[in-house]
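Student:
Residue numbers (the numbering used here), protein chains in the order written: chain A, 472 to 615; chain D, 12 to 106.
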């Protein structure tokens, strides 16, 4: 399960509206509870480096992630997941999302943005131990 | 000693530590030292042919080692090596 505050939930959806018709992307920072729940304590917006196909692809520059990770460390936060938007496309993971997901145990949040308006937001946990058995599994979003 | 920062998914294979100090004068030696200490990490970082996996980015401080001298890049005391699996995807049907 992923737990986040209303303001964070609204902010990641708004990000998708702002970048429409392009995909937005960002990082969920927080902590892992012992029961596996991921608790979001802040968001970090990231740029989408896929300028060749930003309407249906995203990529976060690893250098930007190194910076985000360093700042998070100073606040004693960990990377617990990522978010991105699907402009005019369902809030379901695609074959591309699955193939390019490598952070096992983290949340991958997807918001569908239709005609510039955020519609559905779903979250998927990347389960498995390696590339050959990884799965994106529906998980509940608890907005508090 | 240089310090290697472990991404959250791989900490379970590294004694749950977020960062580990390792011996080594190059990035390659430092990573070898890391997987010697924590052998379960090896298959997550390297292919069966011993190459770093394509989606595993290695940063020395703020620089991608692919654009330096790759695994031969020299490291010094106090350097930070970050293991950064790529973050990408999108609605496209194929990669």
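The C-beta atom is built at its ideal place from N, Cα and C for all residues, glycine as well. All values reported here derive from a predicted model rather than from experimental measurement.
From residue 567 (chain A) to residue 581 (chain A), what does the alpha carbon distance come to, in whole angstroms?
Tutor: On the first chain, position 96 is the one that residue 567 (chain A) refers to. On the first chain, position 110 is the one that residue 581 (chain A) refers to. C-alpha separation (whole angstroms): 13 Å.
Student: How should residue 478 (chain A) be labelled, buried or exposed, when 16 other C-beta atoms within 10 angstroms of its C-beta is the threshold for buried?
Tutor: One-based indexing of the first chain puts residue 478 (chain A) at position 7. Exposed: under 16 other Cβ atoms inside 10 Å.
Student: Listing by chain order, which chain D residues have their CB less than 7 Å from the CB of residue 575 (chain A)?
Tutor: The residue given as residue 575 (chain A) occupies position 104 in the first chain. Simply 20.
Student: Is the CB of residue 539 (chain A) under 7 Å away from at least one CB in chain D?
Tutor: In the first chain, the residue the question calls residue 539 (chain A) occupies position 68. Answer no: the Cβ-Cβ gap between residue 539 (chain A) and chain D never drops below 7 Å.
Student: Closer than 7 Å, CB to CB, is residue 470 (chain A) near chain D or not?
Tutor: The question about residue 470 (chain A) has no answer here: the residues shown for chain A are numbered 472 through 615.
Student: Bridge partners for residue 503 (chain A) per DSSP, in chain order?
Tutor: The residue given as residue 503 (chain A) occupies position 32 in the first chain. According to the DSSP secondary-structure assignment, residue 503 (chain A) is paired through a beta bridge with A:509.
Student: For a contact meaning CB atoms closer than 8 Å, what does residue 11 (chain D) contact in chain A?
Tutor: Outside the displayed range of chain D (12 to 106) lies residue 11 (chain D), so it cannot be described from this structure.
Student: Among D:50, D:88, D:62 and D:98, whose alpha-carbon lies nearest the alpha-carbon of residue 33 (chain D)?
Tutor: One-based indexing of the second chain puts residue 33 (chain D) at position 22. Checking every option, the nearest Cα to that of residue 33 (chain D) belongs to D:88.
Student: Chain D beta carbons: is any one of them nearer than 7 Å to that of residue 493 (chain A)?
Tutor: Along the first chain, read from residue 1 onward, the residue named residue 493 (chain A) stands at position 22. Taking Cβ atoms only, chain D never reaches closer than 7 Å to residue 493 (chain A), which makes this a no.
Student: Does the distance from the CB of residue 594 (chain A) to the CB of residue 557 (chain A) come in under 7 Å?
Tutor: Your numbering for residue 594 (chain A) matches position 123 in the first chain. Your numbering for residue 557 (chain A) matches position 86 in the first chain. The answer is no: Cβ separation not under 7 Å.
Student: Please state whether DSSP places residue 81 (chain D) in a helix, a strand or coil.
Tutor: To locate residue 81 (chain D), count along the second chain from 1; it is residue 70. Annotated three-state conformation of residue 81 (chain D) is helix, per DSSP.
Student: Distance check for residue 524 (chain A) and residue 487 (chain A), CA to CA, integer angstroms please.
Tutor: Residue numbering aside, residue 487 (chain A) sits at position 16 when the first chain is read from its first letter. Residue numbering aside, residue 524 (chain A) sits at position 53 when the first chain is read from its first letter. C-alpha separation (whole angstroms): 16 Å.
Student: Beta carbons nearer than 7 Å to chain A: which residues of the segment 87-100 of chain D have them?
Tutor: 93, 95, 96, 97, 98, 99 and 100
Student: With residue 54 (chain D) as the anchor, note down where its alpha helix (DSSP H) starts and where it stops.
Tutor: Here residue 54 (chain D) is taken as the residue at index 43 of the second chain, counted from 1. Note, residue 54 (chain D): alpha helix (DSSP H), 53-56.
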